[in-house]
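*Asks:* Before we start, here is the structure in question, set down as structure tokens.
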Amino acid sequence: MPFYQLFCIASHFREYKHIKDLVTMSAMHVMNEGGVVRNIGFDGTKTLPERMRRHKQYYTIGDYWTMDFDTSPRTLRTLAGMMRRDQRVIRWTMLKLGEKAEDVVIKPEQTVERHLTTTTTPSSISPYWS
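Going by the working numbering, the first residue of the sequence shown is number 1083, and it counts up by one from there.
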């Protein structure tokens, strides 16, 4: 199953019950279709970069959240349809990060050890890397 990231801007409400329901609905949809939700992140409430219109309303403030998940392309299409119809969603996009989670993991670099040595000359001491 391919590895995706959903980035969503939801309309801001005073209670966080609305965004919790939206995130829960999205995650449960992926899991009920056989997918795996790997991470859910909340980036906070922010002022939108410009006034946005969605579902015949204008918005200036939004709640930003992300979800990393593995799922089939068919489930991805149904999730996009749910986002399109939901009144709480202002903007969303889904990015394909890789065919599997292992493709996205950054492997650590090999450590190269270097020792500082000094040579003593009659006139001065000059450090250099060897």
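No residue lacks a Cβ here, since even glycine has one placed at the ideal position from N, Cα and C.
Where does Y1098 land, buried or exposed, given buried means 16+ other C-beta within 10 angstroms?
*Replies:* Flag for Y1098 reads exposed.
*Asks:* Going by other Cβ atoms of all chains shown within 10 Å of its Cβ, with 16 needed for buried, is G1117 buried or exposed?
*Replies:* Counting Cβ neighbours within 10 Å, G1117 comes out buried, since at least 16 surround it.
*Asks:* From what residue to what residue does the beta strand (DSSP E) around D1150 run?
*Replies:* Its beta strand (DSSP E) spans residues Q1139 to D1152.
*Asks:* Spatial neighbours of L1161 within its chain, please: CB distance less than 8 Å, with the 5 preceding and 5 following residues excluded, ordered by chain position.
*Replies:* The residues are L1088, S1108, H1111, V1112, T1153 and M1176.
*Asks:* DSSP three-state call for R1170: helix, strand or coil?
*Replies:* Here R1170 sits in coil by DSSP.
*Asks:* Using CA coordinates, which residue listed in I1188, R1135 and V1105 is at the minimum distance from L1179?
*Replies:* It is I1188 whose Cα lies nearest to the Cα of L1179.
*Asks:* With a threshold of 8 Å on Cβ separation, who are the neighbours of V1171 within its own chain once the five nearest residues in sequence on each side are excluded?
*Replies:* Counting only Cβ-Cβ distances below 8 Å, and skipping sequence neighbours, we find C1090, I1091, A1092, S1093, L1104, R1136 and M1165.
*Asks:* Could you check which residue in T1106, E1115, Y1146 and K1138 has the C-alpha nearest to that of K1128?
*Replies:* Ranking T1106, E1115, Y1146 and K1138 by Cα distance to K1128 puts Y1146 first.
*Asks:* From which residue to which residue does the beta strand (DSSP E) around M1134 run?
*Replies:* V1118 to R1136 is the span of the beta strand (DSSP E), which, as asked, contains M1134.
*Asks:* G1163 to D1125, Cα distance in whole Å?
*Replies:* Cα-Cα distance, rounded: 23 Å.
*Asks:* Sorted by chain position, which residues of the same chain lie with C-beta nearer than 7 Å to I1143's C-beta, five sequence neighbours on each side aside?
*Replies:* Cβ within range, chain order: H1094, T1127, T1129 and L1130.
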